[in-house]
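Student: I am attaching a structure below and will ask some questions about it afterwards.
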Amino acid sequence: MSQEFEYKQALIIRLDLKIGRGKIAVQCSHAAVGAAEEARTRFPQWWKGWLEDGQRKIALKVPDLDALLNLENNGRRNRLPVYLVRDRGLTQVPPDTVTCVGIGPAPSTLVDNLTGDLALL
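Following this line, the structure appears as structure tokens:
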């Protein structure tokens, strides 16, 4: 049985960094919280709908920094909640390494327009 969600959030990680699974989970968590806060302040109706809709999230991957920054720019250009994660560099990557981006929560169709061609993580 499939359920359609009106709102979703996409968490997109770079594969070229070769970071561990735990680090990926933490970076995606930073992106999820940051983008949700962006939605809460700028798009409260989307944020509230997303909370009521079960807080759907999807984890996706891109090959490199250029692809990640392209998604970030497209998200901002389309006026969606976006949060770019820059790591502090305390463990596996140098300081200020861009690792992940969160897009949404926003209407699922808007998120899918930007991320629909990406592979699942």
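So the sequence shown is numbered by the working numbering: it starts at 572 and just counts up by one.
Ideal placement from N, C-alpha and C gives every residue a C-beta, glycine not left out.
Could you compute how far the alpha carbon of Pro652 sits from the alpha carbon of Gln663?
Tutor: Cα to Cα, Pro652 sits roughly 27 Å from Gln663.
Student: Apart from the five residues just before and just after Ala610, which ones in its own chain have a Cβ nearer than 6 Å to its Cβ?
Tutor: For Ala610, where only same-chain residues beyond five positions count, the Cβ hits under 6 Å are Trp617, Trp618, Pro652 and Pro676.
Student: Using DSSP with H/G/I as helix, E/B as strand and the rest coil, what is Ser573?
Tutor: The predicted model places Ser573 with a pLDDT of 46, which falls under 50 and marks its position as unreliable; any figure quoted below should be read in that light. Reduced to three states, the DSSP call for Ser573 is coil.
Student: Is the separation between the beta-carbon of Asp688 and that of Asp635 shorter than 7 Å?
Tutor: No; because the gap between Cβ atoms is not below 7 Å, this pair is not in contact.
Student: Could you name the residues that DSSP lists as bridge partners for Pro678?
Tutor: Paired residues: Tyr578.
Student: Threshold first: 4 residues or longer. Then list the alpha helix (DSSP H) segments lying entirely within the stretch 593-681, N to C.
Tutor: Those alpha helix (DSSP H) runs which fall completely within the stretch 593-681 and span 4+ residues are 615-623 and 636-648.
Student: When DSSP labels each residue in this structure, what does Leu691 get in the three-state scheme?
Tutor: If DSSP states are grouped into helix, strand and coil, Leu691 belongs with the strands.
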